[in-house]
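Right, one structure below, let's go through it.
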Amino acid sequence: MTRSRWIKRAIAAGGFLGVATAIVVAAAGVQLVVQPPVITVSLMLNQPGSGASNLQNIGDATGSVGSIVADSSCSGGVTPTANPGWPFTVPPATGHMVGIGCTASSTYGIRRCKENVLGGGAQILTSYTGLCMTEGSTMFASSSSHDFNDVMVGGESAVAPLTIVNTSGNPQHTIVSIQLGDHDGNFKVHSPCLMDGPGCDAAIVVGTGQMFIVNVSCTPQSVGPKTAQLYVVGNGGTRLFPAILLSCNGTSGSTMPAISVNPPSVTLSSDVNSGMSSSNVTVSNIGMGNLTIGGLTKAGSPDWTYMTSGLCPTFPCTLPPTASFMISTTFAPSAIGMRNATLTIASDDPNTPMFQIQLTGTGLGANIALASTLGMPATLDLGTTPIGIPTMATFDLRNDGNVLLTPVNLTLTQPGAELSVSPNPTTINASSTRTITVGCTPTSSQLFTAQLDITAPNALTGSPISIAVKCTGTSGSLYSTPSSIQLGEIRTGSPRVTKSIALKTAGTSLTISPPPSLSPSVPDLSVTTPSSTMITLATPATFDLNVDATTDHDLATSIEVTASGDSLSIPVTGKVVTAKIDYPPTLMIGSFCVNQPTTGTTARMSATGTATIGLPTQPVMNKMSSSPFQLSYSSPVSYPYSLPPNQSAMAEVTPLRQMSKGMQSDDVVWATDVSGEAAPRTTVTAEFIADGGAIAPQLADFGTVMLREIGDPKVIKIQNCGMEPMSLSGPDISPSGEFSDDSAAALPAMLAPNAIATINVKFRPTKVGTRMATLTVNSSKGPLGVTLLGQGIAAPGKTPDSTSFYACDCTTSRPTDAWPAVLVLLVLRRRRRR
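So the sequence shown is numbered by this note's numbering: it starts at 17 and just counts up by one.
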């Protein structure tokens, strides 16, 4: 029987997705398998669903399953299931139903998850993969199958381009998601995806009648026929039906070793300071000769740790054919946000001597802060109001984290019940604010005081917040609406701000004398003459409080009013601030090999003045759907957002993989409420080369770091894009001192074609201000350089230098001179490399 006929017959008999159904022979001990190993669930929009497979014990001993857990390959909304649930046992020659549950999705696309079946000791007994596909009508066309024919196990991958056409009549562009129904790592999706893997992480945009090409490969992990299905779903519910059947035949013959890493990347998230999550990576020798693992090095965030077990507890070690060892990765974040690292495996695989495992971690947490100007110490004065007449004032709380703050408890400690606060308890969404209302209804003529304590048990910082609250009851008739003025932030240079105040009486008519005045007087504040000197029940007298903002200062004062013997004090709070932002006008992400995975870097915009900056919408790429870059948001995680002074908005910019050499560029367009800076732009560029050395990022921005503390390290990646080995020496950092090489291992003297080397750089500032240095690696293809940038800031309570975030106090006194200096360095370095 020919191989192709064998595959077709196996498909017809088994209905499998990932591997062919095989004749099962009883094995000694517990031997669990899931058939089929890939569960595909088709869903309608906003509808949940589920699917199941049969967990079979083909061994001769009873298997005990402690749990089924999702590994790091999972996207949201895919959960493991079992019927009945775990723990359970599976006697020999029996089965148990396992599966996936798919939550409802409000968007079309594909979600993927690999589920690990664990024994009582948390060892992985077997695994299966679930695909949740939210889809609609059929609007894609392609060939129904592709056969790679014979591919040598341990040899080079067989790569083929697949053409897919959007046949939709809808004129809207479609963003396409792609996933493989492959459980064993025999097939991968390549360009236009950012990384090689079982699915596409890049946003593929294709218009009506247009086509796109997806490069897929077969790298058989063992001898014999291999199959998988390629699924395509668009954002309008469009789908490719039937899926493309991929097939190849793994053959032996080579005596060379070959490394296989599954999964090739790990993505985890956990709570900051209290959480920990782990995932296992299996490293196997799928070649026919012994594989020597020379070493394993980690670069990047110290929040990642790892351990090895099995045949390679230490290095170097040797893996015979079909043998493997386990890397257990653990993520314990120390801060909110992205905390990434890489693991590099060095081996004698002639095709992949350096294999990089990307470790992507997100620290989860929330911070609570007072977002309103209430002075120091924080005080909320509701002013004066007659007995029985209610008044109120508001202030805002802010969550600067990436998870929900809940519960937020507000406790008023007071002698009576005159003061109230709402909503209580409350919640604050990630990167959001919550308005709190405090009310007062006096029961007698006196000053009422209370302490408002705000606590958020899951806040990492900021809790508790204490605010002194007070209001005054009067037996007189004079009062105002509002009873207090909260001006908040008023920016220098803004048009005059006017607050109207109505003077009222709760009884007899009153005569105002003298006119309202400020006590004490404050620059930029003034009050107007009342509309009338007479106040009656039917007709209040009105006047205005005007603010002409010129320079930064506090606006705290009171408006004093006297009418027919009654006196009134109207508290005023606020401050004049200056709105100022800093951002790089140009950001060189780095250089990359053509048709190879890429890495991103952080584009940063900072609030460097005294004003809170409003960000109405998230940043976008100027070329939108046709951009050669992909944008993701690390901080804040949602918009609109109020960016506090001395904080930064950050977006990760990643170049899409390119098939030909040349320079790619686009603009990151920020959105702000700063006059004259409503849509500032950062031009991002990336160079793709077919020969020579590539290095990324070419600008390593460490952000702000406290003096004499160590910031999060940055990983510099070097790749040989040529066909011959490339010599390396260095790195050299000039000036040295604040920036230093913190790599676990030295750069290799020779870098094989397509191989990758990494440098770990740390930043420990000793001076306040922006610090800059140059990292240079000399290679046989020319020098490779990176500009290192970071800002040293003083400890709390100390006043740092008033410099721009992107200034450089070591070279210039003008803040705007720093970025041109950086750009000149990058341009010169690129010219030397050529």
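For each residue, glycine too, the CB sits at the ideal point set by N, CA and C.
Please read all numbers here as calculations on a predicted model, not as lab measurements.
is_contact[residue i, chain B] using C-beta, thresh 8 Å
i: P587; result: Of the chains in the structure shown, none is chain B; there is only one protein chain.
Cβ-based burial, residue i [other Cβ within 10 Å; buried from 16]
i: P96; result: buried
i: S641; result: exposed
i: R724; result: exposed
i: P273; result: buried
i: E740; result: exposed
i: A466; result: buried
i: Q714; result: buried
i: S607; result: buried
i: G478; result: buried
i: A475; result: buried
i: N73; result: buried
i: G10; result: With the chain represented from 17 up to 850, any question about residue 10 goes unanswered, as that position is not in the structure.
i: P530; result: exposed
i: K242; result: buried
i: T401; result: buried
i: R414; result: buried
i: S651; result: buried
i: Q807; result: buried
Where the beta strand (DSSP E) through residue i begins and ends
i: F505; result: Looking at the sequence itself, residue 505 is Glu, so the reference to Phe does not match. Run containing E505: I501 to R507, per the beta strand (DSSP E) assignment.
i: T774; result: I772 to F779
i: V15; result: A query on residue 15 cannot be resolved here, the shown segment of the chain reaching from 17 to 850 and no further.
i: T626; result: It is not in any beta strand (DSSP E) - T626 carries neither H nor E in the DSSP assignment.
i: K797; result: K797 -> no beta strand (DSSP E), and no H or E assigned at all.
i: M859; result: The shown model of the chain, from 17 to 850, leaves out residue 859, and the question about it has no answer.
i: L553; result: Segment: none, L553 is in no beta strand (DSSP E) and carries neither H nor E.
i: K486; result: I481 to T490
Counterpart residues of residue i in DSSP-defined beta bridges
i: M666; result: R620 and S651
i: A716; result: L804
i: W320; result: F347
i: S58; result: M149
i: M739; result: Its beta-bridge partners do not exist; DSSP assigns none.
i: Q51; result: N70
i: N367; result: Looking at the DSSP assignment, N367 forms no beta bridge with any residue, so it has no partner.
i: M604; result: T701
i: E725; result: Bridge partners of E725: none, in fact.
i: A244; result: L262
i: I711; result: I734
i: C851; result: Outside the displayed range of the chain (17 to 850) lies residue 851, so it cannot be described from this structure.
i: Y495; result: K520
i: T162; result: At residue 162 the sequence reads His, which differs from the Thr that was named. Beta-bridge pairing links H162 to L262.
Distance, residue j Cα to residue i Cα
i: G590; j: K515; result: 12 Å
i: S290; j: F347; result: 11 Å
i: V197; j: G305; result: Looking at the sequence itself, residue 197 is Gly, so the reference to Val does not match. Each residue's alpha carbon lies about 30 Å from the other.
i: S193; j: A98; result: 28 Å
i: A710; j: Q63; result: 46 Å
i: L526; j: L494; result: 8 Å
i: P177; j: V232; result: 6 Å
i: L571; j: P539; result: 8 Å
i: E131; j: V85; result: 6 Å
i: P661; j: I749; result: 32 Å
i: S161; j: S263; result: 8 Å
i: V636; j: T521; result: 54 Å
i: T567; j: K204; result: 60 Å
i: L800; j: S88; result: 34 Å
i: Q226; j: T105; result: 52 Å
i: N202; j: P53; result: 13 Å
i: T701; j: L647; result: 13 Å
i: L307; j: S743; result: 24 Å
i: G627; j: E505; result: Strictly speaking, residue 627 in this sequence is Ala, with Gly absent from that position. Rounded to the nearest angstrom, the two C-alpha atoms are 7 Å apart.
i: S286; j: I140; result: 21 Å
i: P208; j: V282; result: 21 Å
beta-carbon residue i near the ligand HEM non-hydrogen atom, thresh 7 Å
i: A710; result: Absent from the structure shown: the ligand HEM. Ligands present: none.
Check: What are the uninterrupted segments assigned as beta strand (DSSP E) that are 3 or more residues long and contained completely in the segment 73 to 118, given in chain order?
Finding: 79 to 81, 83 to 86, 94 to 99, 104 to 106 and 111 to 118
Next item on the list: Ignoring anything shorter than 3 residues or poking outside the segment 414 to 468, list the beta strand (DSSP E) runs there in chain order.
Entry: 421 to 429, 435 to 438, 442 to 444 and 448 to 456
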